[in-house]
Amino acid sequence: MLAKILIDNQSKNELACEWGLAVYLEYEGHRLLLDTGTSGVFVKNAEAMGVPLEEVEYGILSHAHYDHSDGMEAFFAKNRAAKFYLRKGAGEDCYGKRWIFHKYIGIARGLLEKYRDRIVYVDGTFELLPGAWFLPHATPGLERIGERAGLYVKKGRKLVSDSFAHEQSLVLDTREGLVIFNSCSHGGADNIIREVSEAFPGKHICALIGGLHLYRSTEDEVRALAGRVRETGIKRVITGHCTGERAFKLLKEELGDTVEGLYTGMEFEIG
């Protein structure tokens with residue numbers, strides 16, 4: 257499995273960066289795109305990195321927030337064939353709370369209807385390819401995490417705490433073990449690792465890749481999560497985007513070389 261980070265919050269080179277995430281993957285002879293960042297700038301980065309977006313076979317949306325979905329239109333303009341796979345619970349209905357204000361943070365309104373022929377909604381554990389699955393959350397009570405994070409979805413005229421029914425993990429089976437991609441890990445990194453472990457009993461999980469949504473978390477919350485992640489036994493966490501620089505440093509203090517940083521232009525292989 258080969259991964260190339262087309263957009264992240266940070267860059268260590270001349271490539272553009274923004275608040276968002278987009279990851280190009282090559283897996284068992286197939287080309288995949290996970291998320292599209294906040295804008296179409298990932299397309300220019302892909303060109304500079306030699307990534308043929310027009311040859312991508314499968315697009316995947318990790319969850320229904322703008323910083324992962326707002327580049328979809330740019331992708332559809334570049335690639336005329338690939339379907340984009342969304343969780344059945346994904347809609348144009350996500351809001352974030354800051355102080356007393358609620359701000360729309362979802363998929364661009366009208367996009368799902370405009371590109372309905374390019375979008376596939378999946379339910380349950382979905383096998384995209386042999387060895388590649390989309391996994392929904394199976395942990396109860398995630399609404400409490402949504403409430404603490406100030407994240408909501410609109411149901412009718414009412415905002416309710418987000419249960420992250422629109423979020424999915426991409427799980428790839430490699431020679432080193434299972435690799436989990438979850439772009440923001442809103443449901444909790446430790447919960448996600450456990451969900452994958454329970455879905456694939458007996459399989460070794462070698463890595464979790466993506467943001468951990470800790471940029472607003474307290475030091476105690478970050479250290480507590482690090483302890484729970486340590487208990488899972490996972491040996492590699494490659495993280496960036498919404499993790500935040502302060503939280504990343506705390507994770508490094510707690511987990512050492514288990515933790516690596518994402519950045520625009522990064523490339524790595526597993527298995």
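One point on numbering: in our numbering, the residue at position 37 of the sequence shown is 293, and numbering is uninterrupted.
We put the beta carbon where it would ideally sit given N, CA and C, even for glycine.
Could you tell me which of Leu464, Glu487 and Asp476 sits nearest to Glu516, measuring between CA atoms? Leu464
Which of the three DSSP states is assigned to Phe456 in this structure? coil
Reducing DSSP to helix, strand and coil, say where Gly370 ends up. Correcting the residue identity first, residue 370 is Lys in this sequence and not Gly. If DSSP states are grouped into helix, strand and coil, Lys370 belongs with the helices.
Under the DSSP definition of a beta bridge, which residues are partnered with Ser417? Looking at the DSSP assignment, Ser417 forms a beta bridge with Tyr408.
Under three-state DSSP, which class holds Ile356? Correct three-state label for Ile356: coil.
Could you tell me the boundaries of the beta strand (DSSP E) in which Leu289 lies? His286 to Leu290
Sheet register partners of Thr430 (DSSP bridge): Gly433
Enumerate in chain order the residues of its own chain whose CB-to-CB distance from Ala482 is below 6 Å, with the five nearest sequence positions on each side excluded. Leu507, Glu510 and Leu511
Quick check on Trp355: buried or exposed, where buried means 16 or more other Cβ atoms within 10 Å of its Cβ? Result: exposed.
Less than 8 Å between the beta carbons of Gly521 and Leu281, yes or no? no
Backbone secondary structure at Arg365 - three-state DSSP: coil
Are there 16 or more other CB atoms within 10 angstroms of the CB of Asn438, so buried, or fewer, so exposed? buried
Provide the residue span of the alpha helix (DSSP H) that contains Val312, from first to last. Looking at the DSSP string, Val312 is not in any alpha helix (DSSP H), and its letter there is neither H nor E.
Length of the line joining the Cα atoms of Ile361 and His497: 16 Å
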